[in-house]
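Protein chains: 2
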Amino acid sequence: MAKKGQYTYEYPHPAVTADSVVFGYDGKELKVLLIKRGKEREASTTAYAGEWALPGGFLDVEKDKTIAHTAFRELKEETGLKLSIKDFKEVGSFSDIRRDPRERVITITHYALVKLAEVEASTDAEKAEWFSWADIPHLAFDHDKILRVAFSRLKQDIHFEPVGFELLPEVFTLPQLQNLYESILEVKFDRRNFANKMKHYGILSEIEDGTPRHGTRTPVKYRFDKENYDRLKGSGFQLEF
Amino acid sequence: MAKKGQYTYEYPHPAVTADSVVFGYDGKELKVLLIKRGKEREASTTAYAGEWALPGGFLDVEKDKTIAHTAFRELKEETGLKLSIKDFKEVGSFSDIRRDPRERVITITHYALVKLAEVEASTDAEKAEWFSWADIPHLAFDHDKILRVAFSRLKQDIHFEPVGFELLPEVFTLPQLQNLYESILEVKFDRRNFANKMKHYGILSEIEDGTPRHGTRTPVKYRFDKENYDRLKGSGFQLEF
DNA sequence: ATTTTTTGTGTAAATATTACACATATTTTT
DNA sequence: AAAAATATGTGTAATATTTACACAAAAAAT
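Quick mapping for you: the protein sequence lines, in order, are chains B and F.
Heads up: the first sequence at position 9 corresponds to 9 in the working numbering, and the numbers run straight through without jumps.
Heads up: the second sequence at position 192 corresponds to 192 in the working numbering, and the numbers run straight through without jumps.
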């Protein structure tokens with residue numbers, strides 16, 4: 001364990017943390033992973049104990065290769081979720097001089113998109129919980145603000161990035177895909193126009209499951225055609241609505 | 001002056017800097033403001049002395065309200081340019097563990113857009129120089145990479161933000177505006193289509209300077225109609241090409 | 001003086017977007 | 001068990017947007 005007062009500098013240094021906004025989608029609603037704050041860094045005073053907050057923690061100055069590695073490591077430690085470094089997309093920094101009561105702390109926030117069904121089992125329910133976007137509690141520090149900024153970044157990115165790929169399960173339906181877009185963009189689309197446009201892009205593969213499918217109201221299942229998407233993206237394609 | 005070893009922490013802390021990419025436009029070419037590195041922080045070892053670099057410097061932990069204030073202060077100190085805090089748009093952080101040979105330094109980068117003609121005089125030519133985008137020298141640290149990322153962010157933002165307002169002088173011509181868009185987006189547009197689209201948005205006011213203007217090849221002068229632009233933007237307008 | 005470059009302007013064709021209705025199986029309600 | 005409500009898939013015509021394209025005149029360069 002580190003001895004107190006071991007690290008000295010000629011000029012004052014801030015602490016740096018990485019917080020993560022992890023979005024999931026269960027086919028119905030957009031969700032966010034939050035943790036209940038306990039104590040951290042054994043010896044330091046705990047701030048906002050017992051409140052909900054974004055998962056995150058301090059940069060390990062000697063070990064973390066980049067700040068994304070901090071985000072990765074802390075998310076795993078705090079929620080059990082083991083993603084990949086490249087899943088973390090930087091949102092920005094939050095550096096207000098009073099944002100942490102203990103000392104000057106700059107946080108760099110990332111967001112990540114996960115397939116909820118696939119990861120729900122591996123999140124440590126003791127410490128972490130998935131909250132519906134519509135039902136987020138008040139958060140510690142300036143995490144309310146951070147969450148809003150992360151969401152607006154997601155909202156921007158969805159125009160150009162295949163966020164569907166990352167949030168939906170392998171097999172999904174058009175209504176699910178549409179609902180996801182509507183949840184993130186906070187608008188409603190016409191069902192026919194949405195389907196036409198999506199099919200026109202050629203990035204959906206219909207799954208033939210044998211059932212002859214005479215009636216409706218059992219939605220057709222699709223898979224993303226990743227190869228086609230990558231090809232389109234390479235030639236300047238933009239997924240827009 | 002600070003005494004050596006005055007600031008101690010229980011855990012190691014990184015240094016945090018703010019670097020700025022300042023873009024200017026002279027009616028012909030996109031330019032970037034760079035500084036020649038000398039020594040900084042009186043007592044510390046100077047890295048990359050004599051090389052070109054982005055303007056920037058260390059966060060003042062006790063005084064800088066946010067990291068944007070650091071960017072503002074350092075830009076003024078190093079180049080003489082006095083912008084406004086809200087001119088600084090965050091690009092992102094660069095945190096590679098080896099990016100600074102002296103100690104662990106995380107940098108948070110902003111970009112800013114300026115009307116070159118108006119600020120050229122106030123940049124301290126002793127220390128700072130405007131470089132054409134096509135003619136940027138090799139830079140210190142990972143500043144080459146930072147510059148590329150900042151440019152690609154500008155390229156994205158131009159779709160949705162009135163960067164023309166910020167880079168062009170009050171009075172400008174359509175060819176200048178088009179050239180600016182072409183420089184940033186790295187494409188060529190058809191002159192008629194560009195003019196049609198721009199005029200259709202209703203954000204340009206033609207300036208009547210009395211001259212009857214029988215001939216062509218003396219471009220018509222315009223001003224941005226800021227009010228109209230703001231109104232359009234408020235109702236979801238997007239400037240696209 | 002001649003040539004080259006720069007500028008402004010309009011229209012037709014192609015493409016993309018929008019608006020819109022019904023039949024039917026499933027689910028929910030009574 | 002029956003009835004009502006809900007969710008699903010499908011196509012076309014009207015409108016709006018985007019693209020492609022040529023010439024005449026002044027200024028600048030040769």
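We put the beta carbon where it would ideally sit given N, CA and C, even for glycine.
Euclidean distance between Cα positions of Glu170 of chain F and Tyr229 of chain F: What you label residue 170 of chain F is simply residue 170 of the second sequence in a count that begins at 1. What you label residue 229 of chain F is simply residue 229 of the second sequence in a count that begins at 1. If you take the alpha carbons of Glu170 of chain F and Tyr229 of chain F, they lie about 15 Å apart.
For the beta strand (DSSP E) containing Arg223 of chain F, list its first residue and its last residue. Residue 223 of chain F sits at position 223 when you count from the first residue of the second sequence. Segment 221–224, the beta strand (DSSP E) holding Arg223 of chain F.
Considering only the alpha carbon of each residue, which of F:Val149, F:Ile97, F:Leu113 lies closest to Ile106 of chain F? By one-based count along the second sequence, residue 106 of chain F stands at place 106. The candidate whose alpha carbon is nearest that of Ile106 of chain F is F:Ile97.
Given that Tyr7 of chain B touches chain F, what residues does it touch there, using C-beta distances under 8 Å? Here residue 7 of chain B is taken as the residue at index 7 of the first sequence, counted from 1. Correct list: Thr8, Tyr9, Glu10, Tyr11, Pro12, His13.
Provide the residue(s) that pair with Thr17 of chain F in DSSP beta bridges, ordered along the chain. Residue numbering aside, residue 17 of chain F sits at position 17 when the second sequence is read from its first letter. Its beta-bridge partners are F:Phe58, F:Thr107.
Quick check on Ser152 of chain F: buried or exposed, where buried means 16 or more other Cβ atoms within 10 Å of its Cβ? Walking along the second sequence from the start, residue 152 of chain F turns up at place 152. With fewer than 16 Cβ atoms within 10 Å of its Cβ, Ser152 of chain F is classed as exposed.
Reducing DSSP to helix, strand and coil, say where Leu116 of chain F ends up. Here residue 116 of chain F refers to the residue found at position 116 of the second sequence. In this structure, Leu116 of chain F counts as helix in the three-state DSSP scheme.
According to DSSP, residues forming a beta bridge with Trp130 of chain B: Here the question's residue 130 of chain B lines up with position 130 in the first sequence. BP columns for Trp130 of chain B point to B:Leu33.
For Glu90 of chain F and chain B, any beta-carbon pair shorter than 7 Å? Stepping through the second sequence from its first residue, residue 90 of chain F is reached at position 90. Glu90 of chain F counts as touching chain B.
In this structure, how does DSSP classify Ala53 of chain F when only helix, strand and coil are distinguished? For this step, residue 53 of chain F is matched to residue 53 along the second sequence. Ala53 of chain F falls in the strand class under three-state DSSP.
Where Tyr48 of chain F sits in the DSSP three-state scheme: Numbered from 1 along the second sequence, position 48 holds the residue referred to as residue 48 of chain F. It is coil, neither helix nor strand.
Quick check: the Cα distance between Thr8 of chain B and Glu62 of chain F, rounded to an integer number of angstroms? By 1-based counting over the first sequence, the position of residue 8 of chain B is 8. By 1-based counting over the second sequence, the position of residue 62 of chain F is 62. Thr8 of chain B and Glu62 of chain F: Cα-Cα distance of roughly 16 Å.
Check for me: the alpha helix (DSSP H) holding Phe194 of chain B runs from which residue to which? In the first sequence, counting from the first residue as 1, residue 194 of chain B sits at position 194. Run containing Phe194 of chain B: 191–201, per the alpha helix (DSSP H) assignment.
Leu168 of chain B (DSSP reduced to helix, strand or coil): Your numbering for residue 168 of chain B matches position 168 in the first sequence. Coil.
Can you pull the chain F neighbours of Leu59 of chain B, defined as C-beta to C-beta under 7 Å? Counting from 1 along the first sequence, the entry for residue 59 of chain B is found at position 59. Those are Pro14, listed as they occur along chain F.
Pairs of beta-carbons, one from the segment 147–165 of chain B and one from the segment 178–186 of chain B, closer than 8 Å: are there three or more? yes
Rounded to whole angstroms, what is the Cα-Cα separation between Trp130 of chain B and Phe23 of chain B? Here residue 130 of chain B refers to the residue found at position 130 of the first sequence. Here residue 23 of chain B refers to the residue found at position 23 of the first sequence. Using only the alpha carbons, I get a separation of about 9 Å.
Nearest by alpha-carbon distance to Ser20 of chain B: which of B:Asn196, B:Thr46, B:Ala68 is it? Taking the first sequence and counting its residues from 1, one reaches residue 20 of chain B at position 20. It is B:Ala68.
Which same chain residues end up closer than 6 Å to Phe72 of chain F when comparing Cβ atoms and leaving out the 5 residues on each side of it in sequence? Sequence index remark: in the second sequence, residue 72 of chain F carries index 72 (1-based). Cβ neighbours of Phe72 of chain F beyond the five flanking positions: Ile85.
Which residue marks the beginning of the beta strand (DSSP E) containing Thr251 of chain F, and which one marks its end? Within the shown structure, residues of chain F are numbered from 1 to 241, placing residue 251 of chain F beyond reach of any answer.
For Thr311 of chain B, three-class secondary structure by DSSP: Nothing can be reported for residue 311 of chain B: it is not among the residues displayed for chain B, which extend from 1 to 241.
Which ranges would you report for the beta strand (DSSP E) in the segment 74–107 of chain B if only whole runs of at least 3 residues count? 89–94
Run through the DSSP bridge pairs and tell me what Leu239 of chain F is partnered with. Translated into the one-based positions of the second sequence, residue 239 of chain F becomes position 239. DSSP output for Leu239 of chain F lists no bridge partner at all.
How about Lys155 of chain B: is its C-beta nearer than 7 Å to some C-beta of chain F? Your numbering for residue 155 of chain B matches position 155 in the first sequence. Closer than 7 Å: no.
So is Asp225 of chain B in contact with chain F if we call contact Cβ pairs under 7 Å? Residue 225 of chain B sits at position 225 when you count from the first residue of the first sequence. No, Asp225 of chain B lies away from the interface with chain F (no Cβ there is under 7 Å from its Cβ).
DSSP state of Gly38 of chain F mapped onto helix, strand, coil: Counting from 1 along the second sequence, the entry for residue 38 of chain F is found at position 38. Of the three classes helix, strand and coil, the one that applies to Gly38 of chain F here is coil, per DSSP.
If you draw a straight line from the C-alpha of Ser93 of chain F to the C-alpha of Gly202 of chain B, how long is it? On the second sequence, position 93 is the one that residue 93 of chain F refers to. On the first sequence, position 202 is the one that residue 202 of chain B refers to. Their backbone Cα atoms lie some 36 Å apart in a straight line.
Among the candidates B:Leu177, B:Ser235, B:Phe189, whose CA atom is the shortest distance from the CA of Lys221 of chain B? As a position in the first sequence, residue 221 of chain B is number 221, starting the count at 1. Answer by Cα proximity: B:Leu177.
Between Arg73 of chain F and chain B, is any beta-carbon pair separated by less than 7 Å? By 1-based counting over the second sequence, the position of residue 73 of chain F is 73. No - not a single Cβ of chain B is within 7 Å of the one on Arg73 of chain F.
With 16 other Cβ atoms within 10 Å as the buried cut-off, status of Gly38 of chain B: In the first sequence, residue 38 of chain B corresponds to position 38, counting from 1. Burial call: exposed.
Cβ closer than 8 Å: which chain F residues qualify as neighbours of Thr276 of chain B? In the structure as shown, chain B starts at 1 and stops at 241, and residue 276 of chain B therefore has no counterpart that could be examined.
To the nearest angstrom, how far is the alpha carbon of Leu154 of chain F from that of Glu126 of chain B? Within the second sequence, numbered from 1, the residue matching residue 154 of chain F stands at position 154. Within the first sequence, numbered from 1, the residue matching residue 126 of chain B stands at position 126. Rounded to the nearest angstrom, the two C-alpha atoms are 43 Å apart.
Under 9 Å from the C-beta of Glu62 of chain B: neighbouring residues of chain F: Mapped onto the first sequence, residue 62 of chain B falls at position 62. What Glu62 of chain B touches in chain F: Pro12, Ile97, Arg104.
Whole-angstrom distance between Lys197 of chain B and Phe208 of chain B, CA atom to CA atom: Along the first sequence, read from residue 1 onward, the residue named residue 208 of chain B stands at position 208. Along the first sequence, read from residue 1 onward, the residue named residue 197 of chain B stands at position 197. Correcting the residue type first, residue 208 of chain B is Glu in the shown sequence and not Phe. Each residue's alpha carbon lies about 21 Å from the other.
Does the Cβ-Cβ distance between Asp142 of chain B and Ala112 of chain B come in under 7 Å? Counted from its first residue, the first sequence places residue 142 of chain B at position 142. Counted from its first residue, the first sequence places residue 112 of chain B at position 112. In this structure, Ala112 of chain B does not lie closer than 7 Å to Asp142 of chain B by Cβ.
Using CA atoms only, rank isn't needed, just tell me which of F:Thr66, F:Lys36, F:Ala121 is closest to Thr109 of chain F. Numbered from 1 along the second sequence, position 109 holds the residue referred to as residue 109 of chain F. Answer by Cα proximity: F:Thr66.
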